[in-house]
Every structure is written in structure tokens, then in C-alpha cells.
Amino acid sequence: MLAMNYRGPRRVRVDHKPYPEILHPGDAIIRVTRSCICGSDLHLYHGMVPDTRVGSTFGHEFIGIVEETGPGVQKLKKGDHVIVPFNIACGTCAFCKQELYGNCHESNPEATAVGGIFGYSHTAGGYDGGQAEYVRVPYADVGPLVIPTGMDPDDAVLLTDVVPTGYQAAEMGGIKEGDTVVIFGAGPVGIMAARCAWLFGAGRVIIIDHVEYRLEFARNYGPCEAYNFRSLEDPVLFLKKETGWLGADVCIDAVGADAAGSALHTITGKKLMIQAGAAIALHWAINSVKKGGIVSIVGVYGPTGNLIPIGNVVNKGITIRANQASVKRLLPRLIKHIQDGYIDPKAMITHRVPLEEVADAYHIFSAKLNNCIKPVLIPPSARN
Amino acid sequence: MENNQSIKYNHIKGWGVDADPRNEPTYPMKRYTGDDHRRLNWERPLQQLEAVEVLHSNERPAISAVFGTTLPPAGLSGAIRRYAFKYSESSFNHWLPLLLADRINVVEGLFDDLKRGYIPNVLAEKGWKSAWKYDRKGVVKKLAMRAAAVSFIVAAWWIMNHKKKRL
Ligand SMILES: NC(=O)c1ccc[n+]([C@@H]2O[C@H](COP(=O)([O-])OP(=O)(O)OC[C@H]3O[C@@H](n4cnc5c(N)ncnc54)[C@H](O)[C@@H]3O)[C@@H](O)[C@H]2O)c1
Ligand SMILES: [Zn+2]
Ligand SMILES: [Zn+2]
Chain C
1 MLAMNYRGPR RVRVDHKPYP EILHPGDAII RVTRSCICGS DLHLYHGMVP DTRVGSTFGH
61 EFIGIVEETG PGVQKLKKGD HVIVPFNIAC GTCAFCKQEL YGNCHESNPE ATAVGGIFGY
121 SHTAGGYDGG QAEYVRVPYA DVGPLVIPTG MDPDDAVLLT DVVPTGYQAA EMGGIKEGDT
181 VVIFGAGPVG IMAARCAWLF GAGRVIIIDH VEYRLEFARN YGPCEAYNFR SLEDPVLFLK
241 KETGWLGADV CIDAVGADAA GSALHTITGK KLMIQAGAAI ALHWAINSVK KGGIVSIVGV
301 YGPTGNLIPI GNVVNKGITI RANQASVKRL LPRLIKHIQD GYIDPKAMIT HRVPLEEVAD
361 AYHIFSAKLN NCIKPVLIPP SARN
Chain W
1 MENNQSIKYN HIKGWGVDAD PRNEPTYPMK RYTGDDHRRL NWERPLQQLE AVEVLHSNER
61 PAISAVFGTT LPPAGLSGAI RRYAFKYSES SFNHWLPLLL ADRINVVEGL FDDLKRGYIP
121 NVLAEKGWKS AWKYDRKGVV KKLAMRAAAV SFIVAAWWIM NHKKKRL
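One line per chain: the protein sequences are C and W, in this order. Take the first sequence: its letters are residues 1 to 384, numbered as in full-length UniProt numbering. Take the second sequence: its letters are residues 1 to 167, numbered as in full-length UniProt numbering.
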């Protein structure tokens with residue numbers, strides 16, 4: 001079968017790989033019909049996530065058709081069209097029991113700090129991902145959900161990660177009616193967070209990025225105010241002035257370890273790698289929120305640690321809330337929101353690329369070319 | 001939701017539908033069940049057979065019930081990864097060797113390709129087709145910078161050599 005193949009930082013291609021096998025009674029094999037490239041994949045693509053082995057297949061945002069099920073699988077059957085959450089979750093550990101499906105303790109031997117994730121390095125369990133024709137899906141009775149009738153597959157594929165992550169970013173913000181919410185990052189996740197902030201009753205939504213076409217998209221899609229930090233001398237000062245000098249009620253980090261905007265962070269985090277990526281967006285978030293405010297982090301960082309102004313977190317009494325999205329917990333509500341027309345995920349898909357052209361899709365998404373917001377890869381078997 | 005508020009935002013579809021005054025810093029991300037206090041004593045899923053070498057964090061007693069089996073540690077990079085796993089996730093001795101192993105693994109990958117008689121098309125792997133199509137200026141700039149760097153090195157080398165000969 002065809003599968004994306006990581007060869008090293010910024011080098012990927014498509015290759016033939018063996019068809020995946022059922023390795024556990026709870027496994028299923030899914031024939032992928034669509035898989036997206038995520039901002040999280042860019043951290044892998046840029047070589048920033050430790051234990052990303054050459055030969056890996058990435059991809060944690062995919063939907064498909066059940067091809068084969070292990071003897072223990074009861075809910076899914078061959079031919080079902082399913083949404084597969086990006087978290088691999090057992091459903092029975094103490095964390096899954098508390099609906100923390102992004103923190104499962106039975107899906108990743110390599111690290112205790114993060115649960116299993118499809119196609120996300122050995123630090124997240126060493127699974128192959130869905131940027132392929134077929135993929136092994138463990139705990140098939142727990143995560144995957146049959147796509148509701150009538151749902152557009154482009155909406156379904158974004159329910160595997162982007163929609164729940166953007167929603168949870170807003171949810172973790174503990175937004176109160178009338179709150180001013182500032183979102184750093186106008187990628188798919190930040191744009192979705194801006195949209196969802198309104199659902200929680202925000203009074204004002206501001207998004208910050210430096211890619212003009214993305215700001216423009218967010219401005220209309222949110223709808224929200226959108227500012228380019230390159231044209232602001234100091235984004236924190238700007239936000240203080242915009243919020244009556246006290247700071248935003250809630251700040252959301254939807255950028256993560258690839259943040260631009262600070263030479264110090266770029267050199268120490270991305271070139272020398274003495275911190276786990278560049279954390280300037282989080283730095284800004286902490287410094288732009290009001291005293292007693294909430295900083296919600298969904299941007300992904302490496303495991304070693306980052307330079308952030310923790311002293312200000314203490315002195316301002318800030319609450320930090322952060323997690324990998326708990327996709328399974330949020331799916332029922334978000335499906336309803338799509339059906340009610342409150343969110344329109346598919347509008348974010350700008351690029352539909354054959355799986356064979358995976359290298360170009362990665363480059364376009366990483367370098368923010370051709371007005372790309374969200375690319376989706378389509379395997380040959382799903383194209384006709 | 002107060003009526004006048006929702007009217008103010010009625011151009012925004014769904015405004016306030018999920019507003020929840022109970023949403024304070026621990027709600028509703030976690031449904032408290034008390035299971036944490038039982039520590040590792042949940043009813044475990046069936047254990048997947050360990051048919052390949054799987055490294056496990058020393059912050060847990062054994063491997064998880066289910067795991068990925070792709071690309072078991074091999075070669076020099078594999079030896080470094082095994083060494084890294086002697087240290088906890090809290091230690092730089094864990095993560096920095098893993099990053100080093102990742103870089104060495106790239107070279108191993110290149111040799112693997114060549115051993116199979118496959119010469120990787122690195123430009124294609126880097127997505128230069130799309131770069132050329134959508135960012136021609138960027139490509140030209142990059143090439144020009146590289147050319148400048150190469151000519152600088154060649155010139156420096158030539159001058160040094162020339163000097164030596166004259167001496
Ligand atoms: N927690 C989760 O469950 C989860 C799930 C999905 C994605 N993520 C993470 O969310 C982040 C965003 O994902 P995405 O798919 O939208 O990625 P993306 O790369 O498309 O978007 C990131 C955006 O941030 C912008 N940016 C860079 N530096 C900035 C700065 N200093 N200030 C403001 N904006 C800046 C970039 O221009 C880009 O538009 C990534 O770190 C990703 O790993 C987390
Ligand atoms: Zn993702
Ligand atoms: Zn679990």
C-alpha cells in the first residue's frame with residue numbers, strides 16, 4: 001500500500017509499505033478515505049519532536065472505512081465509515097474513565113507524559129499514521145465513531161482533531177459572558193478557537209498572526225478582529241491598550257513550538273534546540289492576559305522545557321489550562337454544532353492533494369504558500 | 001443568556017449556546033471518579049504481544065497494554081535510543097540523546113535507500129516543485145545565497161592556495 005514516509009527534517013515522500021496487521025484483539029484496519037496534515041505534523045516535519053524515526057508514517061487526522069476487525073471488536077463492522085479521534089485511548093484506565101481521552105495510560109509505552117497518538121513519533125507510542133491507504137486502529141471500540149448520515153466527509157475529517165482542539169481551547173479558557181478573548185495563531189486550530197469563543201459567550205474576539213491571508217480568512221470566518229504582529233511594535237503593549245490597559249480576560253496559545261517573532265526564541269528553540277521549540281506566542285499570552293486571567297494552551301511543545309515568564313504567572317495569579325484535546329468527549333456536542341450550523345469546518349479546507357504528492361503538500365502547508373489554510377490528502381483508492 | 005446580550009450578538013450564529021457559569025478552572029475537563037486514588041489498579045485491557053523490541057519509559061513499570069510496533073530500534077541510532085531510555089522523561093539525558101539519534105537515523109536512512117539501489121530525489125522530497133510554482137522568488141533567493149556561499153568558499157580557498165605557492 002502507499003504511505004507517507006519520513007526521511008528526515010523537511011524530507012518526506014510516498015512509498016510502498018506492507019499492509020498493516022491486526023496485532024491486538026481490539027484492533028481494526030481502516031481504509032483511509034481522507035487524511036489531513038496538521039500544524040502538529042509540522043513539528044515532526046521540522047525535526048523537533050524527539051524519537052521521530054526515519055521511515056515513520058505521519059497522520060493523526062483521518063477518516064475511513066472499516067476493512068477488518070480483530071476478534072474483540074464489537075461495535076464496529078466491516079464497511080462502517082468512521083471518524084477516528086487522533087488520541088488512542090483504552091477507555092478503561094483512570095484517565096479515560098475521567099474522560100481525559102488525550103491522556104490515556106495504556107496506549108504509549110515510550111512516554112508517560114503523553115497518550116498514544118497516531119503517526120506522531122515513538123514519543124507518542126510508535127504508531128503508523130493515516131497518511132496512507134490503510135492504518136491500524138487500536139481500541140477500535142473506544143475511539144472511532146460512525147460518521148452520522150448526511151455529514152460531509154470534509155466536516156468529518158476535521159472532527160478528528162481541529163474542531164475539538166479549537167473548541168477545547170475556548171472551553172479551557174473558562175470564557176465568561178462578555179469576555180475579551182485573544183487567540184495567538186490563525187492556523188486551523190486558532191481559527192476554530194476564535195469561532196468557538198463566541199459559542200461560549202465571548203464579548204470580543206481578537207486573533208494575532210503574521211500571515212496576512214490567514215488573518216483575512218480569520219477575520220471573516222470568526223468573525224473576529226485580526227492583527228499582524230509584524231506591524232505592531234509590541235503585541236503585548238498593543239493588547240494592553242486595546243483592553244483598557246488591564247489585559248485580555250482569556251488568552252489562547254494556538255501556535256506552539258514553531259512560533260515566529262523572536263530571534264532569541266528562534267535561535268535557542270529551533271536552531272540550537274536548547275529549549276523545546278520557540279515559545280514566544282506563549283510568552284505573549286502570559287504577558288497579555290489580565291491579573292487572575294486564564295491562559296489556555298493547545299499549542300504543542302517538546303518535552304524538555306521552554307523559556308516562559310513563569311514569574312509573571314505567579315505574580316499575576318494566572319490560571320493555566322492546557323491539554324491535548326479529548327476528542328471522544330467532545331464529538332457528540334460538536335456533531336450537533338455542525339448540524340445546527342454553528343460551525344462550518346469544511347470551509348477551512350483549501351487544498352485537496354493526492355497522497356502521492358505528499359511532499360508538496362507538506363511544503364505548501366509549512367511555508368504557508370498559495371493561501372493554504374488546511375490541506376487534505378486523498379489516497380488513490382478514495383479518488384474514484 | 002440575557003436577552004439584550006444575545007441581541008447584540010445576533011449576527012453571530014450560536015453566540016452563547018455553550019456559555020456555562022460553572023466553567024471554572026477544573027470543570028468540565030475532568031469527570032471526577034476517584035479512580036486516580038486507586039493508582040495503577042484499573043482493570044487492564046488485554047496485553048498486546050511484544051513481538052518486537054519496544055522501549056518503555058522508566059516512569060512506568062512495564063509497557064502499555066497496546067503500543068505501536070513500527071521501526072524497532074536498530075543500528076547506531078537504536079543503541080543511542082536504548083541508552084536514552086535508561087533516564088526518566090524528566091532528564092535531559094533522555095531527550096537529547098534521542099534528538100541525536102534522530103539525526104544519525106537520517107544518515108542511516110540514506111544508506112538504507114542506497115543499499116536498496118534507490119537514489120532518493122531529495123529535491124522532490126523537500127517539495128521543491130511546489131516551492132518553484134508558488135514561491136519562485138524564495139527559491140531564487142535561496143539558490144543565490146547558496147551560490148554566494150559556495151563562491152565565497154571557493155574564492156577563499158583559491159586565495160589561500162595562491163598565497164602559499166608564492167611563499
Ligand atoms: N492540543 C491539541 O490537542 C492539539 C491538536 C492539534 C494541533 N495542536 C497544536 O496547535 C498548534 C496550531 O496548529 P495549526 O494546525 O493551527 O498549525 P499552523 O501551523 O497551521 O498554525 C500556526 C499559526 O501560528 C502562526 N504564528 C507563528 N508564530 C506566531 C506568533 N508568535 N504569534 C501568533 N501567531 C503565530 C503561524 O503563522 C500560523 O498561522 C500547533 O502547535 C499544533 O501542534 C494541538
Ligand atoms: Zn492534528
Ligand atoms: Zn486509557
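Just so you know, even glycine gets a beta-carbon here, dropped at the ideal spot from N, CA and C. Computed from a predicted model, the values in this text were never measured in an experiment.
Express the C-alpha separation of residue j and residue i in angstroms, rounding to a whole number.
i	j	result
W:M1	C:I191	The predicted model places W:M1 with a pLDDT of 45, which falls under 50 and marks its position as unreliable, so this point remains unresolved.
C:P380	C:I88	26 angstroms
C:V163	C:P345	7 angstroms
C:A218	C:I207	8 angstroms
C:K336	W:G14	12 angstroms
C:L246	C:S288	8 angstroms
C:G166	C:I286	19 angstroms
C:Q70	C:V298	For the sequence presented, residue 70 of chain C should be read as Gly rather than Gln. About 33 angstroms.
C:D128	C:K290	42 angstroms
W:D102	C:D360	23 angstroms
C:S296	W:V66	30 angstroms
C:L232	C:I320	26 angstroms
residue 180 of chain W	C:Y213	The shown model of chain W, from 1 to 167, leaves out residue 180 of chain W, and the question about it has no answer.
C:T123	C:V358	23 angstroms
C:Y342	C:L158	15 angstroms
Taking 6 angstroms as the cut-off, is the C-beta of residue i nearer than that to any heavy atom in ligand 1?
i	result
C:T180	no
C:Q324	yes
C:A260	yes
C:D128	no
C:A254	yes
Residue i and residue j look like a contact to me (Cβ under 8 angstroms); what is the Cβ gap, rounded to whole Å?
i	j	result
C:H46	C:R10	7 angstroms
C:D41	C:P138	Contact doesn't hold; Cβ gap of about 20 angstroms is too wide.
C:P188	C:G39	7 angstroms
C:D155	C:I338	5 angstroms
C:G143	C:V84	6 angstroms
Name the residue from the options whose alpha carbon lies nearest to the alpha carbon of residue i.
i	options	result
W:E89	C:G305, C:I373, C:L369 and C:I294	C:G305
C:P50	W:L96, W:P72, W:R146 and W:K133	W:L96
C:L272	C:K75, C:R13, C:M48 and C:I37	C:M48
C:P375	C:K368, C:A359, C:R383 and C:R352	C:R352
C:R195	W:I119, W:D18 and W:S77	W:D18
C:H210	C:N220, C:W198 and C:F184	C:F184
W:E125	C:L145, C:N5, C:K77 and C:Y221	C:N5
Is residue i near ligand 2 - that is, is its Cβ less than 6 angstroms away from at least one heavy atom of it?
i	result
C:D161	yes
C:S56	no
C:S366	no
C:S121	no
C:S40	yes
C:E216	no
Return yes when at least one heavy atom of ligand 3 lies under 6 angstroms from the C-beta of residue i, else no.
i	result
W:E43	no
C:A248	no
C:E106	yes
C:A124	no
C:C372	no
Which bits of chain B does residue i rub up against, with CB to CB less than 7 angstroms?
i	result
W:A65	The chain inventory of the structure shown lacks chain B, comprising the protein chains C and W.
Taking contact to mean 3 or more Cβ pairs, one atom from each stretch, closer than 8 angstroms, check whether the stretch 271-289 of chain C and the stretch 219-228 of chain C are in contact.
no
Given 8 angstroms, three or more beta-carbon pairs between the stretch 57-67 of chain C and the stretch 21-31 of chain C:
yes
Any chance the stretch 7-22 of chain C sits against the stretch 47-62 of chain C, with 3 or more Cβ pairs inside 8 angstroms?
As far as the Cβ criterion goes, the stretch 7-22 of chain C touches the stretch 47-62 of chain C, which means the pair count is three or higher.
Taking contact to mean at least 3 C-beta pairs separated by less than 8 angstroms, is the stretch 57-67 of chain W in contact with the stretch 99-113 of chain C?
yes
If you pair each beta-carbon of the stretch 133-141 of chain W with each one of the stretch 365-375 of chain C, do three or more pairs fall below 8 angstroms?
Under the three-pair Cβ rule at 8 angstroms, the stretch 133-141 of chain W counts as touching the stretch 365-375 of chain C.
For the pair the stretch 83-98 of chain C and the stretch 28-44 of chain W, tell me if three or more CB-CB distances fall below 8 angstroms.
yes
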